[in-house]
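**Q**
Numbering (the numbering used here), first residue to last: 1395 to 1696.
So, in structure tokens, the structure goes:
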């Protein structure tokens, strides 16, 4: 069955908000959704890398999805939910649940232990998820660094065309702009979408024809991606390059103090009205000394 997927633009991957005991806090989600809407983000991605989805139980992920579904009804934002990174029975349960409550699209990681080694093996895995939620637009989450799976995405799109009827695109998280552009070219020929997933490549991606992106920096530093995309659309290349250079500095500074998720959550807490708590173990959070140093180092880029 063919499905309709019309989202184009910037979609923010949201952090999962934790209490001090690392239980999930659902109460702050409406405020978070409103903050992103006011920051000009018309969509959110739940339970992906930024959202620590693979560190959550199935029940937590369902509760999280339901809370975001309620929030975006008020803000009129697109709701994409990442269902992968778990044993396949759980992945399928999460996919069925997402479709049942009416999410706008589903994103999925590949199998992370018995890794697919060929395009067809990946397609075969995706068929299970497609069948579990046949009426919901489906996207594949290509993240080489996190998964260790480096399958050619242009070829995946070509071969899956007649095998995955509800596949509408991919999230391409890699610094391989050549591969990303090849995937975009193939996706465009099929009327599908490629979301650029790298904070370091937003400007070159927009400059080479990408119209959609998902990047961790969008929640704590929302203006950068918005202004960068607008600058490219207005042929203000110099402005876009300067914005990317500053965002690159932000990311480079932040990674001195820990993992991307932990440091970006800290930046969110320091510089926005939404407190998302700490990162859940096994991720390590910055020390009190590092918090002070990071705040000082990032202040000039606000």
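Ideal placement from N, C-alpha and C gives every residue a C-beta, glycine not left out.
To which residues of the same chain is residue 1420 closer than 8 Å at the C-beta, ignoring the five residues directly before and after it?
**A** Along the chain shown, one-based indexing puts residue 1420 at 26. Answer for residue 1420: 1411, 1457, 1458, 1461, listed in chain order.
**Q** Based on Cα-Cα distance, which residue from 1479, 1500, 1691, 1581 lies nearest to residue 1489?
**A** Counted from its first residue, the chain shown places residue 1489 at position 95. Nearest option by C-alpha distance: 1500.
**Q** With a threshold of 8 Å, are at least 3 pairs of Cβ atoms found where one atom belongs to the region 1681-1692 and the other to the region 1630-1637?
**A** Taking a contact to require three or more Cβ pairs closer than 8 Å, the region 1681-1692 and the region 1630-1637 do not qualify as touching.
**Q** Is the beta carbon of residue 1436 closer than 8 Å to that of residue 1472?
**A** Taking the chain shown and counting its residues from 1, one reaches residue 1472 at position 78. Taking the chain shown and counting its residues from 1, one reaches residue 1436 at position 42. Cβ distance < 8 Å, so residue 1472 and residue 1436 count as in contact.
**Q** Please determine if the region 1597-1616 and the region 1661-1670 are in contact, where contact requires at least 3 C-beta pairs separated by less than 8 Å.
**A** Touching, yes.
**Q** What would DSSP say about residue 1565, mapped onto helix, strand or coil?
**A** Along the chain shown, one-based indexing puts residue 1565 at 171. Correct three-state label for residue 1565: strand.
**Q** Between which two residues does the alpha helix (DSSP H) carrying residue 1688 extend?
**A** Position 294 of the chain shown, counted from the first residue, corresponds to residue 1688. Annotation: the continuous alpha helix (DSSP H) that includes residue 1688 extends over 1682-1692.
**Q** Do residue 1513 and residue 1545 count as a contact pair if the criterion is CB distance below 8 Å?
**A** As a first step, residue 1545 is located in the chain shown; it is residue number 151 there, counting from the start. As a first step, residue 1513 is located in the chain shown; it is residue number 119 there, counting from the start. Against a cut-off of 8 Å, the Cβ pair of residue 1513 and residue 1545 comes out as a contact.
**Q** Quick check: the Cα distance between residue 1714 and residue 1478, rounded to an integer number of angstroms?
**A** Given that the chain is displayed from residue 1395 to residue 1696, the structure contains no residue 1714 and the question cannot be resolved.
**Q** Please classify residue 1564 as buried or exposed, where buried requires at least 16 other C-beta atoms within 10 Å of its C-beta.
**A** Indexing the chain shown from 1 puts residue 1564 at position 170. Classification of residue 1564: buried, given that the 10 Å Cβ count is 16 or more.
**Q** In this structure, what does DSSP give as the bridge partners for residue 1499?
**A** Numbered from its first residue, the chain shown carries residue 1499 at position 105. In the DSSP output, where bridge partners are listed per residue, residue 1499 has 1474.
**Q** Determine the DSSP secondary structure at residue 1441, reduced to helix, strand or coil.
**A** Locating residue 1441 in the chain shown gives position 47, counting from the first residue. Coil.
**Q** Should residue 1507 go down as buried or exposed, given a rule of 16 or more other Cβ atoms within 10 Å for buried?
**A** As a first step, residue 1507 is located in the chain shown; it is residue number 113 there, counting from the start. Exposed, by the Cβ-count rule.
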